[in-house]
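Using this note's numbering, read the sequence shown as starting at 32 and increasing by one per residue. The structure appears below as structure tokens.
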Amino acid sequence: MTSATEKTFFGHPRGLFTLFFTEMWERFSYYGMRVLLVLYMTQYLFLEAQEGKEVWGYNTIKGIIESFYGELSTQALSSQIYGLYTGFIYFTPFFGGLLADRYLGQRRSVYIGGILMCFGHFLMSVESMFFPALLLLVLGNGFFKPNISTQVGGLYAPGDNRRDGAFTIFYMGINLGAILSPLICGTLGEKVGWHWGFGAAGVGMLLSLFIYHFGGKHLPETEHKRSIKEVEKKAHEPLTKDDWRRTWALTFLCMVTIFFWGVYEQQGNTLQLWSTHSTDWNFFGLEIPSTWYQSFNPLVIIIMAPLLDRYWAWRGRANKAPSTVTKMAIGCFLGAIALLVMFFAAQAVGPNKGSVLWLLGSTFLLTMAELYISPIGLSLVTKVSPAKIVSMMMGVWFLATFFGNYVAGYIGMSYETMGKDNFFLLLAGLSLIPAILFLLSHKFLTQSLGKHA
């Protein structure tokens, strides 16, 4: 935690900017790989596998999935695997956080996760090793993600009013990496070769590890010096009755977001397919790569996050700021409106290619919805979680995103068969579910979580 004499940068501990750039390059690697994933499966890898090219585990995994859902098209199978992969990316942080809290500590866990992800990204360049590469990425992310996020909160003393602003800055780092990755990895993958795009993602992960290692001197010394025995001793201290009340309320709040994430994660799945097949990307004779679409969401975040943070601070000074629960309900309503835009787009465009403004308008609203949910939720977890299980509770937050990503993949199987207008209308309805649940549970959550909710 920050001492009174510690040097700061723009009013924040220097460790925040170590974590900012560490996460920026890790997210560059993640989104750089994700932007290509569905297109790689549908346009190349699975077509090659169907013609007899060796892709280790393809027939087994395809057989398991089809035993539940029947025979699937290449698009439907790719959507399922996308949903499972991105889902497990958010499932394993629960266990990574638990291991960090009980045995490893946060810094050791980040190193383990980063090394596993480096191997996973570079293994993506070997077509036959596609599924083992995904497995390494999932396991590595489980160690890395919850323990980077909780270290942001660990830079500040309890009650430090800079904490929310720190998470907004940290979130901008995430999205700076997400802006760059489609422009670099997406362009290389689409225009040069799939493996060039995946290789660039691997380079980003290496940069993330280097920054974390050499900037580690700015991170809290208590975590740096803590021994495994000290971690274990803290883990066996019992939770109080108040701790349990906050833990269960926070778990409920996290789980309510599942359907929103199922809608939001269509950006890398069916909305990317819409971008590729139903959007006109020709500007004055120049054909823009369709993967550049995925830079729009983080660009909006970079622009709007500081403005929204200032707006909330202004409302807070007037004692009129909405509660955290209300903000999250507003976000879910915005998500529903965003997908209604795509409903009208599908009706207007039909089987043709339509204006990019439909997609960008919808994504702008969906991004604003994200800003009302994701950084707010991350900050809340570090504020109200009992200190001894804060990494595990960060894992619970990501666990909700796991279920949401699986929902995204499951629903995405209907993209070709349901009718695109009805498909987007279904997504709008799903985003309304958590909005209503947040409003109905507002009193319970604010009482259980205290002034932070």
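Glycine is no exception: its CB is placed at the ideal position from the N, C-alpha and C atoms. Being a predicted model, the structure only gives us computed values, none of them experimental.
Closest option to Asn-178, judged by alpha-carbon separation, among Arg-194, Gly-128, Leu-165: Gly-128. Taking 9 Å as the cut-off, the Cβ atoms of Arg-277 and Leu-480 count as close. Annotation: the continuous alpha helix (DSSP H) that includes Phe-241 extends over 225 to 245.
Shown here, Thr-181 sits in a helix according to DSSP, grouped into three states. Judged by beta-carbon spacing, Leu-390 lies within the 9 Å limit of Thr-310, meaning their Cβ atoms are closer than that value.
By the neighbour-count criterion, in which a residue is buried when 16 or more other Cβ atoms sit within 10 angstroms of its Cβ, Phe-175 is buried.
Val-294 is not a Cβ neighbour of Phe-469, given a cutoff of 9 Å. DSSP, reduced to helix, strand and coil, places Leu-330 within a helical segment of the structure shown. Ranking Ala-439, Gly-204, Ala-418 by CA distance to the CA of Val-331 puts Gly-204 first. With a threshold of 16 other beta carbon atoms within 10 Å, Asp-273 falls short and is exposed. The straight-line gap separating the alpha-carbon atoms of Ile-146 and Tyr-116 is approximately 19 Å. Under the three-state reduction of DSSP output, Thr-310 falls in the strand class. Taking the Cα positions, Tyr-187 is about 26 Å away from Ala-209.
In the DSSP secondary-structure assignment, Gly-385 is bridged to Thr-310.
Thr-278: member of the alpha helix (DSSP H) spanning 272 to 287, first to last residue. Counting C-beta pairs closer than 8 Å gives fewer than three between the segment 344 to 363 and the segment 235 to 244, which falls short of the contact rule.
If the five residues before and after Leu-211 are omitted, its C-beta is found closer than 6 Å to the C-beta atoms of Phe-59, all from its own chain and listed in chain order. At a Cβ-Cβ threshold of 9 Å, Tyr-121 and Thr-432 count as neighbours.
Separation of the CB atoms of Leu-250 and Thr-49 is rounded to 6 Å, and the pair is thereby assigned contact status at 8 Å. Around the beta carbon of Val-427, 16 or more other beta carbons sit within 10 angstroms, so the residue counts as buried.
By the CB criterion at 9 Å, Met-373 and Ser-393 fall inside the cutoff.
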